[in-house]
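Counted from 1, the sequence shown has number 204 at position 204 by UniProt numbering; the numbering is strictly sequential.
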Amino acid sequence: MIKEKKILFIDSYHNSLYGAQKSMLNLAAKLKERNLEVVIASVAQGDLLKEAGDKGFNIFCFNLNHYLLRSVSVNNTILKKLWYLCVLLLTWCKILFKYILKVKKYDIICINDIRTCILLLPLIIIYQKKMIWYIRIREEQKKIVYILSHFFSIVIFISSDLQEATHLSKRTKTEKLLTGFPNHDLKFQETNLNEVKFVTVGSINARKNQIEVLDVFKRLDEKINFKCTLDIIGSYEPEDYDYYKKLEKKISDDLLLKYKVKIKGYSNNVISELERYDVFIFSSLREGLPRSVIEALQAGLYVITRPVDGIKDIILMDDLGFIYTRLDEFDDFTVNKISLYTKNKNLKLARNAFINKRFDNDKYVDDFLKIINSLLGKA
Numbered sequence: 001m002i003k004e005k006k007i008l009f010i011d012s013y014h015n016s017l018y019g020a021q022k023s024m025l026n027l028a029a030k031l032k033e034r035n036l037e038v039v040i041a042s043v044a045q046g047d048l049l050k051e052a053g054d055k056g057f058n059i060f061c062f063n064l065n066h067y068l069l070r071s072v073s074v075n076n077t078i079l080k081k082l083w084y085l086c087v088l089l090l091t092w093c094k095i096l097f098k099y100i101l102k103v104k105k106y107d108i109i110c111i112n113d114i115r116t117c118i119l120l121l122p123l124i125i126i127y128q129k130k131m132i133w134y135i136r137i138r139e140e141q142k143k144i145v146y147i148l149s150h151f152f153s154i155v156i157f158i159s160s161d162l163q164e165a166t167h168l169s170k171r172t173k174t175e176k177l178l179t180g181f182p183n184h185d186l187k188f189q190e191t192n193l194n195e196v197k198f199v200t201v202g203s204i205n206a207r208k209n210q211i212e213v214l215d216v217f218k219r220l221d222e223k224i225n226f227k228c229t230l231d232i233i234g235s236y237e238p239e240d241y242d243y244y245k246k247l248e249k250k251i252s253d254d255l256l257l258k259y260k261v262k263i264k265g266y267s268n269n270v271i272s273e274l275e276r277y278d279v280f281i282f283s284s285l286r287e288g289l290p291r292s293v294i295e296a297l298q299a300g301l302y303v304i305t306r307p308v309d310g311i312k313d314i315i316l317m318d319d320l321g322f323i324y325t326r327l328d329e330f331d332d333f334t335v336n337k338i339s340l341y342t343k344n345k346n347l348k349l350a351r352n353a354f355i356n357k358r359f360d361n362d363k364y365v366d367d368f369l370k371i372i373n374s375l376l377g378k379a
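Here it is, written out as C-alpha cells:
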C-alpha cells in the first residue's frame, strides 16, 4: 500500500540548510530509497530547493510574497502588523485559487515549521486529514500552536522535552520520533596531545548564543594547562548581521580571544571537519533536538552544553558530555574531569558507536512509516 503513496515535505525557510532542513532532506532521501514518491516544497526559491533539486528530488515552490518571509521583529508597529495581515489574507486567497488542486494529489503532507502552518493555513484546514506537523523546536507562541494543532491529524515531536512542554488539541494524535542520522565511521586524525581544540557549530545568531560560547571557552582556557583554541563554524542571515558584528567585536577586543578564536564560516561537510577537534561547546538557548550536538558526538567529540530541549535524549552518560547551567560550575574538579574525557580514543569510539545505534537511520524511517500507515488507515 505505502509504495504508491506521494509525500510532500514543506519548509518555509527557503534559504536555510541547517538542522531542520538537513533532517527533512535525510528523511526524504531514505523514503525515496524505499520507493515512495517524495516532493520537497518551499514558499520561495532559494538554497533549500536548489539543494533538493541537486539531490535528485522533485521540487515545488509556492512563490509567496517575500514580505511575509521577513523576521517577525520587523513588524514592530500597528501599521506594519495591519499591512502584514492584509498581505497574508491576499496570499490565502491566492493559494486557494492556485494550489488547491495541486496539493490534493499528495497522500501525506508533512509541515516542517510553524511559519508554513500560518502561510498555508487554508490548505491545511482543507486537507487536515493528510497533514502531519513535525515540531522540531519549542515554539514561543503557545496559544497559536494549540489552535493550529486542531488542523493536523498527527503532530510529531523531535524530542521528549518538546512533547512534554507543548499543549495541543486533545483530538490530535502525538508521536515522539528521534531524528535519524547516517552511520559514520570514525577516522582518527593526528592530534597534538598538548593542545585542546574547541569548536562550536551553528548559524550565528542570538538564539545560538555564540557570545556565551566565548565565555565558556575563556573559563576553560584559564583552568586547562594545555594550549586551547576555539573555531566557530557557521554563517549568519542578513537579519543577524548585528549579532555577528557584536560577536566579532567581542573577539577582537579581548586579548586572549583575539589570538585563539576564529570564525570559519559555513561548512558543507560538518562531521568530517569536526573530527579534527576535541571538545564541542553548545550554548544555544532554544532547540528541539540539537543536530550539531549529535554530529559532534558522532565525530567522537566530548560535548559541553546548556540543558536545552533534546539534550536529555542525547547526553545519557558522563563520558558523552557535561551539561552546565552557570559558568561557575566549571571548577577545577569539573575541568579536570573534562580533560580526562577529551583525548581518550576508546571514549571517542564509544561516543561514535552510541550515536550510530541510538539515532539509527533505518529505524528512524521504519518508525516514520508506521506513523504514515496509521494516518493512511484513518484517512
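We put the beta carbon where it would ideally sit given N, CA and C, even for glycine.
Just so we're clear, the structure is a prediction, and the values are computed from it rather than from any experiment.
List the residues that DSSP assigns as beta-bridge partners of Leu230.
Phe198 and Val261
Between the C-alpha atoms of Tyr364 and Thr179, what's the straight-line distance to the nearest angstrom?
6 Å
Chain C contact for Ala44 (CB, 9 Å cutoff):
No chain C appears in the structure shown, which is made up of a single protein chain.
Following the continuous beta strand (DSSP E) through Ala353, name the residue where it begins and the one where it ends.
That residue, Ala353, is in no beta strand (DSSP E); its alpha helix (DSSP H) goes Lys345 to Arg358.
For Lys176, three-class secondary structure by DSSP
strand
Could you check what DSSP says for Gly321 in three-state terms: helix, strand or coil?
strand
Straight-line gap, Arg306 to Tyr324 (C-alpha atoms, nearest Å):
5 Å
Put Asn336 into one of helix, strand or coil per three-state DSSP.
helix
Report the rounded CA-to-CA distance for Leu121 versus Gly310, giving the unit in angstroms.
28 Å
Endpoints, the beta strand (DSSP E) within which Leu8 is located
Lys6 to Ile10
Is Ser23 helix, strand or coil by DSSP?
helix
To the nearest angstrom, how far is it from the Cα of Leu376 to the Cα of Tyr106?
12 Å
Can you name the start and end residues of the alpha helix (DSSP H) that Tyr244 belongs to?
Tyr241 to Asp253
Nearest to Ser284 (by Cα), restricted to the options Val201, Ser16, Leu255 and Leu320:
Val201
Count the other CB atoms within 10 Å of the CB of Leu25; is the residue buried (16 or more) or exposed (fewer)?
buried
Considering Glu222, what are the terminal residues of the alpha helix (DSSP H) in which it resides?
Gln210 to Lys223
Note down, in chain order, each residue of its chain lying with its Cβ closer than 8 Å to the Cβ of Asp221, except the 5 sequence neighbours on either side.
Cys228, Leu256 and Lys260
Give the range of the beta strand (DSSP E) segment to which Val99 is assigned.
Note that residue 99 is Tyr in the sequence shown here, rather than Val. First-last for Tyr99: Ile78 to Lys104, but that is the alpha helix (DSSP H), not the beta strand (DSSP E).
Going by other Cβ atoms of all chains shown within 10 Å of its Cβ, with 16 needed for buried, is His167 buried or exposed?
exposed
Where Asn361 falls: helix, strand or coil (DSSP):
helix
To which residues of the same chain is Cys86 closer than 6 Å at the C-beta, ignoring the five residues directly before and after it?
none
With a cut-off of 8 Å, do at least 3 Cβ pairs link the segment 153–172 to the segment 331–344?
no
Classify Val303 as helix, strand or coil using the three-state DSSP reduction.
strand
Which two residues bound the contiguous beta strand (DSSP E) that contains Glu37?
Glu37 to Ser42
Tell me whether Ile147 sits in a helix, a strand or coil according to DSSP, three-state version.
helix
Measure the Cβ-Cβ separation of Ile111 and Ile132 and say whether it is below 9 Å.
yes
Three-state secondary structure assigned by DSSP to Asn58
strand
Roughly how many whole angstroms lie between the Cα atoms of Leu193 and Asp185?
22 Å
If you draw a straight line from the alpha carbon of Ala20 to that of Phe97, how long is it in whole angstroms?
30 Å
Which value, in whole angstroms, describes the spacing of the CA atoms of Asn352 and Arg358?
10 Å
For Ala350, tell me which candidate among Leu327, Ala296 and Ile372 has the shortest Cα-Cα distance.
Ala296
Any idea what DSSP makes of Phe368, helix, strand or coil?
helix
Close beta carbons around Lys142, own chain, < 7 Å, minus the five adjacent residues each side
His167
Can you tell me which of the three DSSP states Tyr127 falls into?
coil
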